[in-house]
Amino acid sequence: MRLILAIFLAVVTLAAQEPSAQPAQEAPSPAPATEQWLTGNIEFGNRWVSDVRGNAEAYRSVVNLGEGPKLFGLDLTLTDPSRRLFDSAVIRANSWGGDPYNTASVDVRRERSYNLSFDYRNIAYFNSLPSFANPAVDRGIFLSQRSFDIQRRMIDTELELMPGSRIIPYVAFSRDWGAGSGVTSFVTDGNEFAVANDLRDRTNNFRGGVRVELNRFHATFEQGGTNFKDHQRLFHSPGPHYGNRTVPLLGRQTLLSTLEQAYRVEGDSVYTKGLVTTNPASWVNLYGQFLYSRPDSDVSYSQDNSGKFVSFDPPLSSLRLFDSQMVLLTSESKQPHTSGSFGAELRLHRRIRVTEAVMTDRFHTTGSALLQETLAAGTVSATSSGVPPGLEKLIFNYSRQEVNVLADVLPRLTLRGGHRYVWGDAQVRAPQLSQTGTVENGELKMHVGLAGFVFRAAQKLTVSADFEGGSADRNYFRTSLQDYKKLSARANYQVLNSLNMGARFSLLDNQNPAQNIRNDFLSRDNSITVLWTPAGGKRVSLLGDYSRSTLRSDLLAVVPSTLQSELSTYAERAHTGTALLEINLPDVQKASPKLSLGGSFFKSSGSRPTEYYQPIGRFSVPFHRKVRGFFEWRWYRLFESFYQYEGFRTHQFVGGLQLAL
Amino acid sequence: MSGGPAWAFLAVLLCAPAMPAVQAAGEQKQEQKPAKQAATYVGSETCQACHEDIYKAFQRNPHHAVEKDARRKWEGKACESCHGPGSAHAESTEKKDIVNPAGLAASEADRGCLGCHLNQPTHVGRVFGGHGKNQVSCVSCHSIHGTAPESLVARKASTVNKKCAECHTPVWAEFQRPHKHRLPEGAMSCVDCHNPHGSFLPRSMQTVSANEPGCFKCHGDKRGPFTYEHAPVRFEGCTACHQPHGSANPRMLNRHEVRLTCLECHANLPLPTLAGSNGLGGVPPSFHDLRSPRYRNCTICHVKVHGSHVNRALLR
């Protein structure tokens, strides 16, 4: 990888030097001699990471930056002066050379001929936080039983033909795939065993369509499809594994000797999309869309495990204790999903606009499974097979209608008022212990009042605010919005030519006073932003923001061990700041060395007090008109007072060059 | 549809036929304004005389297509297609005699842009989006005169994020938390999840495969459909349990420990049977002894918490 990177950098650097080696007047193109065919910049260098103090797994889960040569950024624009093949091609790449997030993109355009875009991402998903899903943490064992180390890659490519014309066909392909390993648990009655897990999934998406763009009307028709594969494997090599249970169950010490479990999900979906916008008259714009998808999944599952187990619900009562188990299952599920929306924007008067929006979203999932299970103890075995009782079903119908009136009551003041009505119904399978039947139905109805304003006192000051307040007499879940108020306000003030200040405030207050719920949720965010650029930022510029957020949520729950009702409380009070101070130092060879200082901090108290710091310092100095050298220092520190074993801190140093082409 | 909203909708529809007359009256009033309204179109070459640098740069701007596009009916008048007739300004050279879209109220500025851009798929969710309602104009995010091929709007992830963070400061603050989507690193951008032009989903969420929530584009293994669904995932989306921007809690959960997230719904208390209440209250109880560390981490046993193809209790 490093060799490829080095070769790539050398080639790009040489390519960039070509124009100077080739006199401009000899260029066969009719373009002006001054027009460069290649512009952009490249940033590359090396990163050194000091030893990670603290928990390395947490470091990898949160930061995960490694050492070695890197291509930090590449941003190139190629222009074809003859415009024969393309007008311009933009190539971008970021964080290559073993970093956890690599991206690359290419956009090629030729006016009225085509637009071609390609995007690639490679993201490392690593998560092994010792505080998460770890029943052994009290004993000082730092092994999360739900961890993974996956490499996820994504490709998106789209070709659009004849952009700017009346009929624009397009085709696109996306692929998203991940592969890796992890730790998860294999669950049996009364015990669970952390075992190795192989994960491999892939989604392909193909779509094509045509856009018809006329002066007063547009329609897009798209047909697409996906196919999906998700293969998971759990395994345990021969050997006793005692799991999380430390005491015998029904007089037996349960253990797992071998395990081979395979989960193979394959699915596909076809979908159709139709979009329309039109302005049949100068005072009205209409919008509409129809969306339909029909994903389905087919699953084959097999499980073969041996050891010493207990069954709470055995096929034969004699096999309450058993030594091996084999499970075969096939299942399938479908989810037809239809959505539609209609919108209108009416300019009733020069100063009054009305927007009307209606949408509906409906899907229902049906699923069925066929199971065969064999338990064996010594020479005795028992098999059960059949369809688990009942057809699995989930139905969801949701609709929303909203009307807003916007009035420019003064040249600088716009007021908005409106109303939203949300309604729907749902049906799910009732839980096994339900005493109300096998199916549960729910309904949703909510009225929401909307208001807002925008005030522009000259171009220097803008103030705006939005409010919505809703009330419902019923809901699906205990935490859903019930009687709530949402408020957000923003202000921006250009104090001086060199000083801009902004302030934001937002609030969400949701209450459900019902006797068995008593949900009381309140979150508040306040933030200020400062942009200071004295003398146009020639010497110094400062961009900084500070946010203060508080969140408190109280909810009633019965604690199973005491059977007492208690208020479950979650609280968080956080300070967050980001800043970037840039200082242009006195000129050296007509170019200015630059010092940048900044970074971010996060400090919270409450249910999970956390401190996370990411300061950064960067010094760059010009070596040549088009070459700058830079040196960067970063520091990462995570500290959690209740989970101190999860903290880490590390210094990182980067040295490199930035070439401007 | 019932009650108030139906009436509001009906009223809008009933008023609609009368609107051309009202609109015409409004326009007539506007036309009655004297003198400066009489400006005429002078062509882009007249603009070039004073704004040479902008004119030259504009040759490489995608909007330059307007200058040559007979279909749009602005041939040779690309500058005035946005800035309005320029004769008065050409004579006086005064700022006040020419339209500057950046200085207009958002609705007015947008009207200019939407004159050409309304009939494109990008805008189909416009009336649902927050930007349209909160009066954020096109020019807040799009620069019109840029010369680089992609200068009309930021496309590089880090630049997109910077642009959004200018207004959404508290959201950007959430990305400074330890567990987050990788936006500060430039691996993702805000528009990967949100459609700034508006979408029929709440919070202007992007959709994939026609109408599925955008989260499933990357998290395909959570898409399903599952034989045994976990209803809140379907009804309330990922945000029922996760803080999508960033969190101090592992796996970006809403609560600091897994069991507390689960207990919010699995609280061993049925929804009250209020008159007319039809909530989905029969969630399975969490009858385990939460004093034992084994049961404090629900997802150790309920491993397929997003939905299972094999087990109704989401155990495998």
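Chains G and Y supply the protein sequences, listed in that same order. Its first residue numbered 69, the first sequence is counted upward by one per residue in my numbering. Its first residue numbered 161, the second sequence is counted upward by one per residue in my numbering. Glycine residues also receive a C-beta, built at the ideal position from the N, C-alpha and C atoms.
Using only the alpha-carbon positions, how far apart do V174 of chain G and A314 of chain Y sit?
As a working mapping, residue 174 of chain G is identified with position 106 in the first sequence. As a working mapping, residue 314 of chain Y is identified with position 154 in the second sequence. Going from the Cα of V174 of chain G to the Cα of A314 of chain Y covers about 15 Å.
For V239 of chain G, which residues in chain Y fall below 8 Å Cβ to Cβ?
Locating residue 239 of chain G in the first sequence gives position 171, counting from the first residue. The premise fails here: V239 of chain G is roughly 15 Å from chain Y at the closest Cβ pair, so nothing lies under 8 Å.
So which residues of chain Y does L389 of chain G contact, with C-beta pairs closer than 9 Å?
In the first sequence, the residue the question calls residue 389 of chain G occupies position 321. Result: empty, since nearest Cβ-Cβ is about 20 Å, beyond 9 Å.
Please report the straight-line C-alpha distance between L73 of chain G and L106 of chain G, rounded to a whole angstrom.
For the purposes of this step, residue 73 of chain G is taken as residue 5 along the first sequence, with counting starting at 1. For the purposes of this step, residue 106 of chain G is taken as residue 38 along the first sequence, with counting starting at 1. A caution first: L73 of chain G carries a pLDDT of 47, below 50, which makes its placement in the model unreliable, though a value can still be read off. Approximately 20 Å, taken between the alpha carbons.
Under 7 Å, CB to CB, which of the residues in the region 355-374 of chain Y have a partner in chain G?
F360, S369, A370, N371 and E372
What does V463 of chain Y touch in chain G if you count any residue whose Cβ is under 8 Å from its own?
Here residue 463 of chain Y refers to the residue found at position 303 when the second sequence is read from its first residue. Neighbours of V463 of chain Y on chain G, chain order: R214, T252, S253 and V255.
By how many angstroms is the C-alpha of A250 of chain Y removed from the C-alpha of V259 of chain Y?
Along the second sequence, read from residue 1 onward, the residue named residue 259 of chain Y stands at position 99. Along the second sequence, read from residue 1 onward, the residue named residue 250 of chain Y stands at position 90. Cα to Cα, the separation comes out at about 12 Å.
Comparing C-alpha positions only, which one of G:T145, G:V656 and G:E226 sits nearest to V278 of chain G?
Position 210 of the first sequence, counted from the first residue, corresponds to residue 278 of chain G. Answer by Cα proximity: G:E226.
Delimiting residues of the alpha helix (DSSP H) encompassing I258 of chain Y:
Walking along the second sequence from the start, residue 258 of chain Y turns up at place 98. It is not in any alpha helix (DSSP H) - I258 of chain Y carries neither H nor E in the DSSP assignment.
For W332 of chain Y, does the three-state DSSP call read helix, strand or coil?
On the second sequence, position 172 is the one that residue 332 of chain Y refers to. Helix.
Does chain G have any CB closer than 9 Å to the CB of G380 of chain Y?
As a position in the second sequence, residue 380 of chain Y is number 220, starting the count at 1. By this cut-off, G380 of chain Y is an interface position.
Cα-Cα separation between G164 of chain Y and D551 of chain G, rounded to whole angstroms:
Stepping through the second sequence from its first residue, residue 164 of chain Y is reached at position 4. Stepping through the first sequence from its first residue, residue 551 of chain G is reached at position 483. Caution applies to G164 of chain Y, whose pLDDT of 45 falls short of 50 and renders its modelled position unreliable; the value that the coordinates give is listed next. Taking the straight line from one Cα to the other gives about 19 Å.
V120 of chain G versus Y127 of chain G - alpha carbon distance
Translated into the one-based positions of the first sequence, residue 120 of chain G becomes position 52. Translated into the one-based positions of the first sequence, residue 127 of chain G becomes position 59. So the two alpha carbons sit approximately 8 Å from each other.
Please list, in chain order, the chain G residues whose beta carbon lies closer than 7 Å to that of F395 of chain Y.
The count along the second sequence starts at 1 and reaches residue 395 of chain Y at position 235. Here the neighbours are F464, A494 and Y544.
Taking the beta carbon of L142 of chain G as the centre, do at least 16 other beta carbons fall within 10 Å, making it buried, or is it exposed?
By one-based count along the first sequence, residue 142 of chain G stands at place 74. L142 of chain G should be labelled buried.
Compute the distance between the beta-carbons of V333 of chain G and K297 of chain G, then report whether it is under 9 Å.
Along the first sequence, one-based indexing puts residue 333 of chain G at 265. Along the first sequence, one-based indexing puts residue 297 of chain G at 229. Against a cut-off of 9 Å, the Cβ pair of K297 of chain G and V333 of chain G comes out as a contact.
Beta-carbon within less than 6 Å of L553 of chain G's beta-carbon, same chain only, minus the 5 sequence neighbours each way: which residues are those?
Against the first sequence, residue 553 of chain G aligns to sequence position 485. The sequence given here places Lys at residue 553 of chain G; Leu does not occur at that position. So the qualifying residues of the chain are G537 and D577.
Sequence-distant residues of the same chain with beta carbon closer than 6 Å to N162 of chain G, five excluded per side:
Here the question's residue 162 of chain G lines up with position 94 in the first sequence. Hits under 6 Å: G141 and T171.
Check whether chain Y comes within 9 Å of P479 of chain G, counting only Cβ atoms and requiring the distance to be less than that.
The residue you call residue 479 of chain G lines up with position 411 of the first sequence. Chain Y, which has a Cβ nearer than 9 Å to the Cβ of P479 of chain G, makes this yes.
Burial state of Q371 of chain G, where buried means 16 or more other Cβ atoms lie within 10 Å:
Along the first sequence, one-based indexing puts residue 371 of chain G at 303. Answer is buried; the Cβ neighbour count reaches 16.
Of all the options G:Q682, G:L389 and G:F431, which has the alpha carbon lying nearest to the alpha carbon of E700 of chain G?
Along the first sequence, read from residue 1 onward, the residue named residue 700 of chain G stands at position 632. Per the Cα distances, G:Q682.
Which residues share a DSSP beta bridge with I236 of chain G?
Residue numbering aside, residue 236 of chain G sits at position 168 when the first sequence is read from its first letter. In DSSP, I236 of chain G forms a bridge with G:R279.
Taking 9 Å as the cut-off, decide whether the C-beta atoms of S436 of chain G and T387 of chain Y are in contact.
For the purposes of this step, residue 436 of chain G is taken as residue 368 along the first sequence, with counting starting at 1. For the purposes of this step, residue 387 of chain Y is taken as residue 227 along the second sequence, with counting starting at 1. Cβ atoms of S436 of chain G and T387 of chain Y: closer than 9 Å.
What residues from chain Y crowd round T340 of chain G, counting only those whose CB sits closer than 9 Å?
In the first sequence, counting from the first residue as 1, residue 340 of chain G sits at position 272. A370, listed in chain order.
Run through chain G and tell me which residues come within less than 8 Å of K218 of chain Y, C-beta to C-beta.
As a position in the second sequence, residue 218 of chain Y is number 58, starting the count at 1. Checking the displayed sequence, the identity of residue 218 of chain Y turns out to be Phe instead of Lys. The premise fails here: F218 of chain Y is roughly 14 Å from chain G at the closest Cβ pair, so nothing lies under 8 Å.
In chain Y, what lies closer than 7 Å to A425 of chain G by C-beta?
Reading the first sequence from its first residue, position 357 is the one you call residue 425 of chain G. Within chain Y, the residues near A425 of chain G are V287 and F288.
Close-in-space but distant-in-sequence residues of the same chain around G108 of chain G (CB under 7 Å, 5 per side omitted):
Numbered from its first residue, the first sequence carries residue 108 of chain G at position 40. Closer than 7 Å at the Cβ level, and outside the excluded window around G108 of chain G, lie D143, L144, T145 and L729.
Same chain only: Cβ atoms within 7 Å of N428 of chain Y, ignoring 5 sequence neighbours per side
Residue 428 of chain Y sits at position 268 when you count from the first residue of the second sequence. Closer than 7 Å at Cβ, skipping near neighbours: P445 and S446.
Ignore the nearest five residues each way along the sequence and tell me which others in N543 of chain G's own chain have a CB closer than 7 Å to its CB.
In the first sequence, counting from the first residue as 1, residue 543 of chain G sits at position 475. Excluding sequence neighbours, N543 of chain G sits near L512 and Q550.
Three-way DSSP call (helix, strand, coil) for E326 of chain Y in this model
On the second sequence, residue 326 of chain Y is found 166 positions in, with the first residue counted as 1. Reduced to three states, the DSSP call for E326 of chain Y is helix.
Just the Cα atoms here: how many angstroms apart are N283 of chain G and A201 of chain G?
To locate residue 283 of chain G, count along the first sequence from 1; it is residue 215. To locate residue 201 of chain G, count along the first sequence from 1; it is residue 133. Going by the C-alpha atoms only, they are around 58 Å apart.
With a 10 Å radius around its C-beta and 16 neighbouring C-beta atoms as the bar for buried, classify S401 of chain G as buried or exposed.
In the first sequence, residue 401 of chain G corresponds to position 333, counting from 1. Note on S401 of chain G: 16 or more other CB atoms within 10 angstroms of its CB, so buried under the neighbour-count rule.
Would you say N294 of chain Y lies against chain G (beta-carbon separation less than 9 Å)?
The count along the second sequence starts at 1 and reaches residue 294 of chain Y at position 134. Interface residue, yes.
Between the region 414-429 of chain G and the region 386-399 of chain G, do at least 3 Cβ pairs fall closer than 8 Å?
They do not touch, by the three-pair rule.
Tell me whether Y127 of chain G, by its Cβ, gets closer than 8 Å to a heavy atom of the ligand ATP.
The model on display carries no ligand, and the ligand ATP is accordingly not part of it.
Output needed in chain order: residues of the region 447-463 of chain Y with a Cβ under 9 Å from some Cβ in chain G.
Listed in sequence order: F447, H448, D449, L450, R451, S452, P453, R454, Y455, R456, N457, C458, T459, I460, C461, H462 and V463.
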